[in-house]
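For the record, the sequence lines run as chains A and B. Residue 0 is where the first sequence starts when you use numbering that gives the first Met the number 0, and the numbers rise one by one after that. Residue 0 is where the second sequence starts when you use numbering that gives the first Met the number 0, and the numbers rise one by one after that. Notes for the one structure printed next.
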Amino acid sequence: MIRIDSVTKRYPDGTVAVDRLSLEIPDRSITVFVGPSGCGKTTTLRMINRMVEPSEGRILLDGADIHAQPVNTLRRSMGYVIQNAGLFQHRTIVDNIATVPRLLGWSKQKARARAAELMERVGLDTALAKRYPYQLSGGQQQRVGVARALAADPPVLLMDEPFSAVDPVVRKGLQDELLRIQDELGKTIVFVTHDIDEAIKLGTMVAVMRTGGHLAQYAPPAELLTAPADEFVEDFLGADRGIRRLSFFPSTGLELQRAPIVAIDADAGRLGARASADAPYLLVTDLDGRPLGWGEPQDLTAGSIDPARLLSYGRPFMPGRDSLRAALDGSVLSPTGWAVAVDGEGRAVGVVSQQVIGAAIRTAHAEGRDDARVGG
Amino acid sequence: MSGFFDIPSDLQNTYFGLIGLHLREALIPVLAGLLVSLPIAQLCVRFRWLYPPVLGVTTILYAIPSLAFFVVLIDYTGQTETTVMIPLAVYSLVVLVPAIVDGVRSVPAETLAAATAMGLGPVRRYFQVQLPIAVPAIIAGLRVATVSSISLVSVGMLIGNQGALGNLLNDANLYHRPELAVNSVVTTAVLAILADAFLVLVRRVLTPWMPKESTR
Numbered sequence: 000m001i002r003i004d005s006v007t008k009r010y011p012d013g014t015v016a017v018d019r020l021s022l023e024i025p026d027r028s029i030t031v032f033v034g035p036s037g038c039g040k041t042t043t044l045r046m047i048n049r050m051v052e053p054s055e056g057r058i059l060l061d062g063a064d065i066h067a068q069p070v071n072t073l074r075r076s077m078g079y080v081i082q083n084a085g086l087f088q089h090r091t092i093v094d095n096i097a098t099v100p101r102l103l104g105w106s107k108q109k110a111r112a113r114a115a116e117l118m119e120r121v122g123l124d125t126a127l128a129k130r131y132p133y134q135l136s137g138g139q140q141q142r143v144g145v146a147r148a149l150a151a152d153p154p155v156l157l158m159d160e161p162f163s164a165v166d167p168v169v170r171k172g173l174q175d176e177l178l179r180i181q182d183e184l185g186k187t188i189v190f191v192t193h194d195i196d197e198a199i200k201l202g203t204m205v206a207v208m209r210t211g212g213h214l215a216q217y218a219p220p221a222e223l224l225t226a227p228a229d230e231f232v233e234d235f236l237g238a239d240r241g242i243r244r245l246s247f248f249p250s251t252g253l254e255l256q257r258a259p260i261v262a263i264d265a266d267a268g269r270l271g272a273r274a275s276a277d278a279p280y281l282l283v284t285d286l287d288g289r290p291l292g293w294g295e296p297q298d299l300t301a302g303s304i305d306p307a308r309l310l311s312y313g314r315p316f317m318p319g320r321d322s323l324r325a326a327l328d329g330s331v332l333s334p335t336g337w338a339v340a341v342d343g344e345g346r347a348v349g350v351v352s353q354q355v356i357g358a359a360i361r362t363a364h365a366e367g368r369d370d371a372r373v374g375g
Numbered sequence: 000m001s002g003f004f005d006i007p008s009d010l011q012n013t014y015f016g017l018i019g020l021h022l023r024e025a026l027i028p029v030l031a032g033l034l035v036s037l038p039i040a041q042l043c044v045r046f047r048w049l050y051p052p053v054l055g056v057t058t059i060l061y062a063i064p065s066l067a068f069f070v071v072l073i074d075y076t077g078q079t080e081t082t083v084m085i086p087l088a089v090y091s092l093v094v095l096v097p098a099i100v101d102g103v104r105s106v107p108a109e110t111l112a113a114a115t116a117m118g119l120g121p122v123r124r125y126f127q128v129q130l131p132i133a134v135p136a137i138i139a140g141l142r143v144a145t146v147s148s149i150s151l152v153s154v155g156m157l158i159g160n161q162g163a164l165g166n167l168l169n170d171a172n173l174y175h176r177p178e179l180a181v182n183s184v185v186t187t188a189v190l191a192i193l194a195d196a197f198l199v200l201v202r203r204v205l206t207p208w209m210p211k212e213s214t215r
């Protein structure tokens, strides 16, 4: 555990970057520092590995002051990932990753074997090992940055806006990869970002900081969305926090209806039998059960259903994997107001109306069932 | 009329002997200049305020005519190669110091921060990160310094037979053999071009990590 104990950083010109900050960073979890530029989040991160020394207060690592060990020993026990990766442009990918193991005195062979193993872990083709950084894309470079930070298996990982400089699609991939790696390795990760969505997606705990180095709120993301401490946090969270909070409610409990699902080759009797007052629309699927679109029963003629004339089914969600947010989104996207649930192969397993989703949201709120993180 | 490569006996040297002498008188000062520039440049990087005055001093030194240098030095080092090489070494600083400073400063802030964060101390940071990344800039500086040094050696003829190929210019005048002047100029130019090409080659070997399109 890292304990930050009433730490202040004041620069010689009088600027206060961090103001009496106290908080505890739990082990084996991702703690995100988020805030506008100049809020002291990077300064805080850099005080943990002593790239910046606090003016007052102290930082404890597992109960011991971080000054108890030589600075470079401390730093080698903490992986560090920086914006734009900060790779050594004059060294090959494998040698970049092997930097800290080599500093720790590992043999070249052992360090390189470890580097190759890490390339696989972060999703890099080992064929890139002998390349130089300029030959890689921004996203690949950032993966190398993560691999390099993990090379000596440090218990702590410090990440300073690591994904800010890559495009949104690549960033999402890197975030998902980080969560996957974290599931496997269970590091104590301290992550700095200015992107509140990134903070909410990645953080087990989120520390919202405001200009002048004040801690505005320190809470799990769901709590942040439910109960922002003040107007600043509320503004910083932005619009739709109610909708975004739905990401923390699983869609598993939704009552799905199978009845309104018909295959494209359904006969007249079946079409008639499936139409009911509850479900004014029928979901037509292909012969494998994959959704094609919605139609009103009176418009569907057995044997001659034209997929091109069906109404859009929006974006289907996967119960169990996706959240209530994904389910609600699917229902809002379809003009029918119904969301389609699919299995792993994309086959429709049920449909659900906005009313049912709404009821599930109210139930979830009532139960406060926001502890389980779900994707989507 | 004697031949193009027929070197007058007063030079007490063959054509290739002159070339060897010329290269020695030109390259040793550049090497010495490099060895002096590296620590000076590192000080300028570490203490930013030092850089402008250092630049000023090297520029002023560069503005001193070599003849004036010779007049002062001749009392100490006599009519020797050393007297020619000292000013050349001093002149190289005006190119090499800024080249190294710019090269070391061109290391991206993220790269340096990452090096520090990984527990590389200042010495390792300098030798393992800053210096290697500065190599292209340093070699760019070396190319200018080398070419200029090769052409400047000729002034050594002013203090007797210390101008290597430059002495041919004097002999051309003395013996009314203009082809010796042509020989001197052409050989010096060829040496400069070859030395430059050699440095480009060295850079390519030392920096396989540079994007190919920026290869000059």
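Where a beta carbon is used, it is the ideal one built from N, C-alpha and C, also for glycine. The structure displayed is predicted, hence computed values, not measured ones.
Report the rounded CA-to-CA distance for residue i versus residue j, giving the unit in angstroms.
i: A/Asp18; j: A/Ala221; result: 26 Å
i: B/Leu173; j: B/Arg202; result: 42 Å
i: A/Met118; j: A/Arg147; result: 9 Å
i: B/Arg104; j: B/Asn12; result: 46 Å
i: A/Glu197; j: B/Leu30; result: 53 Å
i: B/Thr214; j: A/Gln88; result: Confidence at B/Thr214 is low in this model, with a pLDDT of 48, below 50, so the placement of that residue is unreliable and no value is reported for it.
i: A/Asp266; j: A/Gly302; result: 7 Å
i: A/Gly85; j: B/Leu205; result: 21 Å
i: A/Lys109; j: A/Ala128; result: 15 Å
i: A/Ala206; j: A/Val189; result: 10 Å
i: B/Leu190; j: B/Glu80; result: 19 Å
i: A/Asp4; j: A/Asp64; result: 10 Å
i: A/Leu224; j: A/Tyr280; result: 35 Å
i: B/Leu54; j: B/Val93; result: 7 Å
i: B/Arg176; j: A/Pro132; result: 58 Å
Just to make sure I have the definition right: I need the residues of chain B whose C-beta is within less than 9 Å of the C-beta of residue i. Which are they?
i: A/Met50; result: Ala112, Thr115 and Ala116
i: A/Gly85; result: Pro107, Ala108, Glu109, Thr110, Leu111, Ala112, Ala113, Ala114 and Ala116
i: A/Glu102; result: Residue identity differs from the one stated: residue 102 of chain A is Leu in this sequence, not Glu. The contacting residues are Met117, Gly118, Leu119 and Arg123.
Using the three-state DSSP reduction, which class does residue i fall into: helix, strand or coil?
i: B/Thr115; result: helix
i: A/Met50; result: coil
i: A/Thr284; result: strand
i: A/Lys40; result: helix
i: B/Ala98; result: helix
i: A/Pro318; result: strand
i: A/Ala206; result: strand
i: A/Thr7; result: strand
i: B/Phe15; result: helix
i: A/Glu55; result: strand
i: B/Pro52; result: helix
i: A/Ala112; result: helix
Could you check where the beta strand (DSSP E) with residue i kicks off and where it finishes?
i: A/His213; result: His213 to Ala218
i: A/Thr192; result: Thr187 to Thr192
i: A/Tyr79; result: Met77 to Ile81
Quick one: which chain B residues come within Cβ less than 8 Å of residue i?
i: A/Arg113; result: What A/Arg113 touches in chain B: nothing, since even the nearest Cβ is about 15 Å away.
i: A/Val99; result: Met117 and Gly118
i: A/Tyr133; result: Trp208, Met209 and Pro210
i: A/Gln82; result: Glu109
i: A/Arg75; result: Met117 and Gly118
Taking C-beta pairs closer than 9 Å, name the residues in chain A that residue i reaches, listed in chain order.
i: B/Pro177; result: Going along chain A, no residue has its Cβ under 9 Å from B/Pro177, so there is no contact; the nearest lies around 50 Å.
i: B/Val44; result: The premise fails here: B/Val44 is roughly 18 Å from chain A at the closest Cβ pair, so nothing lies under 9 Å.
i: B/Val220; result: Lying before the first or after the last residue shown, residue 220 of chain B is absent from chain B, which here runs from 0 to 215.
Return the first residue and the last residue of the alpha helix (DSSP H) that residue i is part of.
i: A/Lys200; result: Ile195 to Leu201
i: B/Ile6; result: B/Ile6 -> no alpha helix (DSSP H), and no H or E assigned at all.
i: B/Gly77; result: No alpha helix (DSSP H) holds B/Gly77; DSSP gives it neither H nor E.
i: A/Gly268; result: Ala267 to Arg273
i: B/Leu200; result: Pro177 to Leu205
i: A/Glu233; result: Glu230 to Leu236
Would you list the one or two residues that DSSP bridges to residue i?
i: A/Gly292; result: A/Val283
i: A/Ile29; result: A/Ile188
i: A/Gly349; result: A/Ala340
i: A/Glu23; result: A/Arg2
i: A/Leu157; result: A/Tyr79 and A/Val189
i: A/Ala262; result: A/Thr284
i: A/Gln382; result: Nothing about residue 382 of chain A can be read from this structure; chain A reaches only from 0 to 375.
i: A/Leu310; result: A/Trp293
What in chain B is Cβ-close to residue i, meaning under 7 Å?
i: A/Tyr79; result: Ala113, Ala116 and Met117
i: A/Arg170; result: Simply none; closest approach about 17 Å.
Could you tell me which chain A residues have their CB closer than 7 Å to the CB of residue i, listed as they occur along the chain?
i: B/Ile132; result: Gln88 and His89
i: B/Val128; result: Phe87
Within 7 Å: the Cβ of residue i and any heavy atom of the ligand GDP?
i: A/Arg75; result: This structure does not include the ligand GDP; it has no bound ligands of any sort.
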